[in-house]
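Inspection log for the structure reproduced underneath, given as structure tokens.
Protein chains in written order, with our numbering: chain A, 83 to 195; chain B, 506 to 620.
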């Protein structure tokens, strides 16, 4: 079955430190992959997406993600986090032409001063 | 530019009462529309999707129904609310084609508390 796994429910990092949020997918082919961010009591905002090409994709606000076919992963990274990055981050996947978009369970990021 | 608006922003409703949540998208013709439910602190569960007026596909019903009465409108409803319906409801439209990469674009959400 198609699934997206985010193994870390909560991550705490200090402001200015680097960040990696993990995402693993289980699909028969290579799906579209997404990272979204959800700030308190708001809808989801797209950070970045990947389908093909360069495995490292750049997103908004200094975020980037790296696709690995061998590892079935799509980890999100940021070189230096800011307190305003505190939010819940969701990884998602869908197959080209499919109507189902599957989300991971989310990772709550807390940036401490 | 496309905009998506959800209403109401929040509701407190009694168990057994009816519910109607709405979603309108502007600036996009014949959009693919989605309803998601999010329990407090939880992941997103896809409920319904619609690719055209009058056509709605159910993914997980949760004793809810959906309708698409107009090209730009998607309605989520139930005649009798359960406590388990509490949560955050998100409407989204989906881009198509390689450029948009099948991306979902979300509204601001509707928060529902059932008491």
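Quick reminder that beta carbons are idealized off the backbone N, C-alpha and C, glycines included.
Extent of the continuous beta strand (DSSP E) to which residue i belongs
i	result
residue 166 of chain A	Careful: residue 166 of chain A lies outside any beta strand (DSSP E) and carries neither H nor E.
residue 574 of chain B	570 to 575
residue 558 of chain B	Per DSSP, residue 558 of chain B belongs to no beta strand (DSSP E) and is neither H nor E.
residue 610 of chain B	609 to 611
residue 147 of chain A	145 to 150
residue 154 of chain A	Unbroken run through residue 154 of chain A: none, as it is neither H nor E.
residue 83 of chain A	Premise fails: residue 83 of chain A is in no beta strand (DSSP E) and is neither H nor E.
residue 95 of chain A	92 to 96
residue 514 of chain B	Per DSSP, residue 514 of chain B belongs to no beta strand (DSSP E) and is neither H nor E.
Cβ neighbours of residue i in the same chain (closer than 6 Å, five flanking residues each side left out)
i	result
residue 96 of chain A	194
residue 507 of chain B	532 and 533
residue 102 of chain A	157 and 159
residue 184 of chain A	84, 86 and 175
residue 211 of chain A	Absent from the structure is residue 211 of chain A, since the part of chain A shown begins at 83 and ends at 195.
residue 527 of chain B	512 and 580
residue 52 of chain A	For chain A, the structure presents residues 83 to 195; residue 52 of chain A sits outside this window and is missing.
Short Cβ contact (8 Å threshold) for residue i with residue j
i	j	result
residue 197 of chain A	residue 175 of chain A	Since the first residue of chain A shown is 83 and the last is 195, residue 197 of chain A is not available in this structure.
residue 182 of chain A	residue 608 of chain B	no
residue 601 of chain B	residue 186 of chain A	no
Rounded distance between the beta-carbons of residue j and residue i, thought under 8 Å
i	j	result
residue 144 of chain A	residue 169 of chain A	With a Cβ gap of about 14 Å, residue 144 of chain A and residue 169 of chain A do not count as contacting.
residue 524 of chain B	residue 586 of chain B	5 Å
residue 155 of chain A	residue 106 of chain A	5 Å
residue 446 of chain B	residue 125 of chain A	Not covered by the structure: residue 446 of chain B. The range shown for chain B is 506 to 620.
residue 190 of chain A	residue 123 of chain A	That belief does not hold up - the Cβ atoms of residue 190 of chain A and residue 123 of chain A are roughly 14 Å apart, past 8 Å.
The ligand MG heavy atom lying under 7 Å from the CB of residue i
i	result
residue 543 of chain B	As far as ligands go, the structure on display features none, and thus does not contain the ligand MG.
Residues of its chain near residue i, where Cβ-Cβ distance is below 8 Å and the 5 sequence neighbours each way are ignored
i	result
residue 177 of chain A	84, 109, 111, 113 and 114
residue 571 of chain B	540, 552, 553, 555, 561, 563, 579, 580, 581 and 582
residue 558 of chain B	573, 574, 575 and 576
residue 598 of chain B	507, 509, 530, 533, 536, 537, 538, 539, 609 and 610
residue 515 of chain B	615, 616, 617 and 618
residue 484 of chain B	Not covered by the structure: residue 484 of chain B. The range shown for chain B is 506 to 620.
Own chain residues within Cβ distance below 7 Å of residue i, not counting five before or after
i	result
residue 542 of chain B	550, 552, 567, 592 and 594
residue 133 of chain A	114
residue 138 of chain A	146 and 148
Practice item. Anything in the stretch 564 to 595 of chain B with a Cβ closer than 9 Å to a Cβ of chain A? List those residues in chain order, please. Key: The residues in question are 564, 593 and 595.
Check your understanding: Quick one, which residues of the stretch 90 to 102 of chain A are near chain B if we go by CB-CB under 7 Å, in chain order?
Key -> Under the 7 Å Cβ criterion, the stretch 90 to 102 of chain A contributes no residue.
**Study point:** the stretch 178 to 191 of chain A: positions lying closer than 9 Å to chain B by Cβ
**Key:** If the cut-off is 9 Å between Cβ atoms, the stretch 178 to 191 of chain A has 178, 179, 180, 181, 182, 183, 184, 185, 186, 187, 188 and 190 near chain B.
Check your understanding: If contact means a Cβ-Cβ distance below 9 Å, which residues of the stretch 114 to 127 of chain A contact chain B?
Key -> Under the 9 Å Cβ criterion, the stretch 114 to 127 of chain A contributes 114, 116, 118, 120, 123, 124, 125, 126 and 127.
Point to revise | Cβ-based contacts, 9 Å cut-off: residues of the stretch 543 to 563 of chain B near chain A | key: Under the 9 Å Cβ criterion, the stretch 543 to 563 of chain B contributes 543, 546, 547, 548, 549, 550, 551, 554, 556 and 562.
**Study point:** Contact list for the stretch 608 to 620 of chain B against chain A, Cβ threshold 9 Å
**Key:** Residues 608, 609, 610, 611, 612, 613, 614 and 616.
Practice item. Closer than 8 Å, Cβ to Cβ, to anything on chain B: give me those residues from the stretch 148 to 179 of chain A, in chain order. Key: Interface annotation for the stretch 148 to 179 of chain A against chain B: 172, 174, 176 and 178, criterion Cβ-Cβ distance under 8 Å.
Check your understanding: When you check each C-beta in the stretch 126 to 141 of chain A against every C-beta of chain E, which residues fall closer than 7 Å?
Key -> Absent from the structure is chain E; the protein chains it does hold are A and B.
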